[in-house]
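Step one of this worksheet: look at the structure below.
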Amino acid sequence: MILVLASFAVSFFALDFVLLGLWILFLIVWWFIGGIEIKRLAIILKILVGTYLFFVILQGFTYRFGNTVIFQLGTLMVGNRNYAAYTLEGFLFGTLVFMRVLAVVFTLPILTMTTPMTKLAATLGKLKVPYQFTMIFVTGIRFVPLVFQTWTGVIQAQKLRGRDIDKMPFWKKAGVYTSVLTPLLLYLLKLSQTLQLALECRAFGSPVTRSYVEEAKLHTADYIAITAVIIITGILVGLKVMGYSSTPHLFV
Amino acid sequence: MAEAIVEVRNLSFSYPDNTKALKDIGFKVEKGQIVAVLGANGAGKTTLCHHLSGVIPNIYQGTTEGEVLVAGMNVPDHPVYELAQKISFVTQDPEGQLINPDVLMEVAFGPENLGVPRDEIMRRAAWALEAVGLKGLESRAPSELSGGQKQRLVLAAGLSMEPELLVLDEPTSQLDPIGTAEVLDSLVHLKQEYGMTTILTTHASEEVLRIADRSIVLSKGEMVAEGTPREVFGKVKLLDSVGVQVPQMAMLGYRLAPQRPIPMTVDEGRKLVTEILEHKQVRKLATTQTANAPSREPVLECLDLTYVYPGFPPVTALKGVNLKIRRGEMVAIIGQNGSGKTTLVKQFLKLLRPARGQVLLNGKDIQSMTTGQLATSIGLALQNPDEQLFTISCQREVEFGLQNLKLPEDQIKSRVDEALAFVGLQEQWDTFPFRLSFGDRRSLTVAAVIAMRPEVIVMDEPTTAQDYLGRHRIARLGKKLNESGHTVIMITHDMNLVTQYADRTIVMANGEILLDGPTSKVFSEQETLKRAFIKPPPVAILDKELESKGVPQGILTVDDMVSVLEGT
Numbered sequence: 370m371i372l373v374l375a376s377f378a379v380s381f382f383a384l385d386f387v388l389l390g391l392w393i394l395f396l397i398v399w400w401f402i403g404g405i406e407i408k409r410l411a412i413i414l415k416i417l418v419g420t421y422l423f424f425v426i427l428q429g430f431t432y433r434f435g436n437t438v439i440f441q442l443g444t445l446m447v448g449n450r451n452y453a454a455y456t457l458e459g460f461l462f463g464t465l466v467f468m469r470v471l472a473v474v475f476t477l478p479i480l481t482m483t484t485p486m487t488k489l490a491a492t493l494g495k496l497k498v499p500y501q502f503t504m505i506f507v508t509g510i511r512f513v514p515l516v517f518q519t520w521t522g523v524i525q526a527q528k529l530r531g532r533d534i535d536k537m538p539f540w541k542k543a544g545v546y547t548s549v550l551t552p553l554l555l556y557l558l559k560l561s562q563t564l565q566l567a568l569e570c571r572a573f574g575s576p577v578t579r580s581y582v583e584e585a586k587l588h589t590a591d592y593i594a595i596t597a598v599i600i601i602t603g604i605l606v607g608l609k610v611m612g613y614s615s616t617p618h619l620f621v
Numbered sequence: 091m092a093e094a095i096v097e098v099r100n101l102s103f104s105y106p107d108n109t110k111a112l113k114d115i116g117f118k119v120e121k122g123q124i125v126a127v128l129g130a131n132g133a134g135k136t137t138l139c140h141h142l143s144g145v146i147p148n149i150y151q152g153t154t155e156g157e158v159l160v161a162g163m164n165v166p167d168h169p170v171y172e173l174a175q176k177i178s179f180v181t182q183d184p185e186g187q188l189i190n191p192d193v194l195m196e197v198a199f200g201p202e203n204l205g206v207p208r209d210e211i212m213r214r215a216a217w218a219l220e221a222v223g224l225k226g227l228e229s230r231a232p233s234e235l236s237g238g239q240k241q242r243l244v245l246a247a248g249l250s251m252e253p254e255l256l257v258l259d260e261p262t263s264q265l266d267p268i269g270t271a272e273v274l275d276s277l278v279h280l281k282q283e284y285g286m287t288t289i290l291t292t293h294a295s296e297e298v299l300r301i302a303d304r305s306i307v308l309s310k311g312e313m314v315a316e317g318t319p320r321e322v323f324g325k326v327k328l329l330d331s332v333g334v335q336v337p338q339m340a341m342l343g344y345r346l347a348p349q350r351p352i353p354m355t356v357d358e359g360r361k362l363v364t365e366i367l368e369h370k371q372v373r374k375l376a377t378t379q380t381a382n383a384p385s386r387e388p389v390l391e392c393l394d395l396t397y398v399y400p401g402f403p404p405v406t407a408l409k410g411v412n413l414k415i416r417r418g419e420m421v422a423i424i425g426q427n428g429s430g431k432t433t434l435v436k437q438f439l440k441l442l443r444p445a446r447g448q449v450l451l452n453g454k455d456i457q458s459m460t461t462g463q464l465a466t467s468i469g470l471a472l473q474n475p476d477e478q479l480f481t482i483s484c485q486r487e488v489e490f491g492l493q494n495l496k497l498p499e500d501q502i503k504s505r506v507d508e509a510l511a512f513v514g515l516q517e518q519w520d521t522f523p524f525r526l527s528f529g530d531r532r533s534l535t536v537a538a539v540i541a542m543r544p545e546v547i548v549m550d551e552p553t554t555a556q557d558y559l560g561r562h563r564i565a566r567l568g569k570k571l572n573e574s575g576h577t578v579i580m581i582t583h584d585m586n587l588v589t590q591y592a593d594r595t596i597v598m599a600n601g602e603i604l605l606d607g608p609t610s611k612v613f614s615e616q617e618t619l620k621r622a623f624i625k626p627p628p629v630a631i632l633d634k635e636l637e638s639k640g641v642p643q644g645i646l647t648v649d650d651m652v653s654v655l656e657g658t
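First to last, the sequence lines map onto chains A and B. Basically the working numbering = 1-based index in the first sequence + 369. Basically the working numbering = 1-based index in the second sequence + 90.
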């Protein structure tokens, strides 16, 4: 949890190529130490390609401090700004925003794959986080595979009736997703009903102080990791606050 | 009389839309009994479970009259968390009831919510997991468990609250035969070792005979029979009229000699038939000619088909399968969950790509075709109808595929009308699909498939979570399609349906074909079937046992057994 908070802090308060790059490198090292398969990194990057393209295209044409034009598609003047011109500064800023997303996204597998949910729930309990909040988190993680399974089932059923959403261009996809979401939402409603019964029948929400089987104890490695996160976050945010910038012309 | 732990007095209930779900129900359950509640879908079984567990009126509302007393508590007077310490309620879907990341946490969850001290929770968890046979799996994630293990885990999660009563609503309806046996064996163990009282609703009449002390039959909210399973299943005519499956031996006895005591077990059936044969001779089994005799020509062919699910570690789901499906056949594919049945049929439509091997459709490799193109030749109705309904009316649902095929409007209309009429849903053409009953939703998915006029129709477990009538309705639909010229492949766990409707049966185990041939021949290989954990229907076992008495072999249904013995 501390790592997640630190990631948010760095991505918001240390928006810089070098600083964010160092943070992402730090997270990748953590992946190695935590034994998370590195090919998952490639999967995340593949999933986020669309997001990256979106950021660089949008920022390339709209970044307000952009003045080094790489190419232009015509003229679309709004005030003094030509929104048909694609700028280097916009491209770089789009890349930087994407790095901010990566900094947060790369943290999540560390949280979910190296920390057993049981330990996480116990730690949150010890930190006096209301158990209702923890349950939302735990059940969310638990039900993600079920939602994906249903999603795949619906997509397959549509393929069987001649509609292959996976092969549609993205502008067509948007229009047909309603037909995928309808059964998915109905499934989720049914699932939430079953879940409610299961929770209540196991005394969830009873007016007594909850006990925990899992004991949240910190070990030497945890203290080392927490110290490392705090120091690195402090250095990166501190450098930014003191005015460090690897790209001063971007005005960020 | 032993102490009554459950007492239901004059219980009636109406839902807020005025649907009368229970009418003047009354019964008592003694401590340590297993009571099976039988009835067709809509009979009121789930509503009764909701009353016993306090879900009504605590979570779902309506108008209740009468009393429900469990373990000395008047159920409606207590919140669910209090009742949960006396009554454990399990529903049919294990997935939705497993909340926690590992087995131990799942079992500990209930007592943790009640603030039970850690050491006591650990003691209870160890006991509960031992009782359901899951000891040693404490650190496993629920997703790594089989269907039967998942449902037993739900059971253990309830047991750790140390309840006095288990209320189980169709706990085995979504499980394969192994999973079903695992769960029911756990209930017997709990009764024998710990004197646990259980009330369960089910459609599995043969299993009720094996485990239940008493049975209750509901029909349209009314209690129409009550007694020991022997007493209840003796009322063959009544059960048949309310859509409850009569065990095969009882049906056989009733049809052969209704004046005698009705047999329930294969042993009793054998005694009855042996007595009959002392005075009479058996007839020859008449061979029935199928209306649509299959050709020799294969419509579908699999050559050395191998499929590996990626993962850690990867799982080989099909191991070099070679198979020919001939035009006009009615084929059943059977085997436990994970044996490769669904993986095999998904290859036919390229929903999964093989690691090795080929699928040929009418002699042509399907490699160059898309799923959409293949769907015009092979129609696949997947397991869960709710994942296959995307639109706002039955008509639109059937149109969906036809519009993707870009057919002319007049053709679309005529095909939609024809398909809806074929499955008997023509009157509901403008109904929102999710307002239909589960069985009708299943039929609608079949209508959507047949409207595309495929040569081959594949139905993947079309009978899961259906009652006796629903299962036969969908199987008859398959037979009707077969008789109208389609090649039909049906995956199912229901051996009664297989023996009654399929001409050919393929048995799969561990990604391989274990047996393949005419259904009667496959079911005569009882030793090999055991390896696939498949139990033949009682009539098939009886037939084998009567071989020395001159009874023709290969009899699989009550109708056929009666035809060789009746009037002889």
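Every residue, glycine too, gets a C-beta built ideally from N, C-alpha and C.
Listed by chain order, chain A residues near residue i by CB distance under 8 Å
i, result
"B/Thr364", "Correct list: empty, because the minimum Cβ distance to chain A is about 49 Å."
"B/Ser143", "Cys570"
Inter-residue Cα distance where the pair is residue i and residue j
i, j, result
"A/Val398", "B/Asn131", "57 Å"
"B/Gln264", "A/Ile402", "42 Å"
"B/Gly428", "B/Arg300", "26 Å"
"B/Val127", "B/His293", "9 Å"
"B/Gly162", "B/Ile95", "7 Å"
"B/Ala465", "B/Thr582", "21 Å"
"A/Val496", "B/Gly186", "The residue you asked about is not Val; residue 496 of chain A is Leu in the sequence shown. If you take the alpha carbons of A/Leu496 and B/Gly186, they lie about 29 Å apart."
"B/His90", "B/Gln335", "The question about residue 90 of chain B has no answer, for chain B in this structure spans 91 to 658."
"A/His588", "B/Gln175", "36 Å"
"B/Ile424", "B/Pro626", "11 Å"
"B/Glu312", "B/Gly514", "28 Å"
"B/Gly401", "B/Thr432", "18 Å"
"A/Thr602", "A/Val373", "11 Å"
"B/Leu510", "B/Gln485", "8 Å"
"A/Ile479", "A/Ile599", "16 Å"
"B/Glu220", "A/Ile593", "40 Å"
"B/Val536", "B/Ser483", "15 Å"
"A/Val474", "A/Leu414", "10 Å"
"A/Ile534", "B/Leu342", "52 Å"
"B/Ser102", "B/Gln151", "13 Å"
"B/Thr521", "B/Leu249", "42 Å"
Coarse secondary structure for residue i, derived from DSSP in three states
i, result
"B/Pro388", "strand"
"B/Tyr171", "helix"
"B/Met542", "coil"
"B/Pro598", "As written in the sequence, residue 598 of chain B is Met, which differs from the Pro given in the question. B/Met598 falls in the strand class under three-state DSSP."
"B/Met341", "helix"
"B/Asp394", "strand"
"B/Leu655", "helix"
"B/Asn100", "strand"
"B/Asp557", "coil"
"B/Met549", "strand"
"B/Arg446", "strand"
Beta-carbon neighbours of residue i, restricted to chain A and to distances below 7 Å
i, result
"B/Asn494", "Arg530, Gly531, Arg532"
heavy atom of the ligand COA below 7 Å from residue i C-beta
i, result
"B/Tyr558", "Summarising the ligand content, the structure contains no ligands, and the ligand COA is consequently not present."
Chain B residues whose Cβ lies nearer than 8 Å to that of residue i
i, result
"A/Met623", "Given that chain A is displayed from residue 370 to residue 621, the structure contains no residue 623 of chain A and the question cannot be resolved."
Contacts of residue i in chain B (Cβ-Cβ under 7 Å)
i, result
"A/Ala526", "Leu472, Glu477, Gln478"
"A/Thr551", "Phe480"
Chain-ordered chain B contacts of residue i [CB-CB under 9 Å]
i, result
"A/Leu555", "Asp476, Leu479, Phe524"
### Query
What residues in the region 225–240 of chain B bring their beta carbon closer than 7 Å to a beta carbon of chain A?
Within the region 225–240 of chain B, the residues whose Cβ lies closer than 7 Å to some Cβ of chain A are Ser233, listed in chain order.
### the region 194–207 of chain B: positions lying closer than 8 Å to chain A by Cβ
The residues in question are Leu194, Met195, Ala198, Phe199, Gly200, Pro201, Glu202, Asn203, Leu204, Gly205, Val206, Pro207.
### Query
Any residues in the region 561–588 of chain A with a beta carbon nearer than 9 Å to a beta carbon of chain B? Which ones, in chain order?
Taking 9 Å as the upper bound on Cβ-Cβ separation, chain B lies near residues Ser561, Gln562, Thr563, Leu564, Gln565, Leu566, Ala567, Leu568, Glu569, Cys570, Arg571, Ala572, Phe573, Gly574, Ser575, Pro576, Val577, Thr578, Arg579, Ser580, Tyr581, Val582, Glu583, Glu584 of the region 561–588 of chain A.
### Those runs of the beta strand (DSSP E) which lie wholly inside the region 244–275 of chain B and span at least 3 residues
If we require 3 residues or more, the beta strand (DSSP E) runs fully inside the region 244–275 of chain B come out as 255–259.
### Message
Suppose only complete runs of 4+ residues qualify. What are the alpha helix (DSSP H) ranges in the region 155–200 of chain B, listed by chain order?
### Response
Counting whole runs of 4 or more residues, the region 155–200 of chain B contains the alpha helix (DSSP H) stretches 170–173, 184–187.
### Message
Going residue by residue through the region 288–317 of chain B, where are the continuous beta strand (DSSP E) segments of at least 3 residues, counting only ones entirely within it?
### Response
Look at the region 288–317 of chain B and you find these whole runs of beta strand (DSSP E), each 3 residues long or longer: 304–309, 312–317.
### Query
Going along the chain, which residues of the region 466–493 of chain A sit with their C-beta nearer than 7 Å to a C-beta in chain B?
The region 466–493 of chain A vs chain B, Cβ under 7 Å: Pro485, Met486, Thr487.
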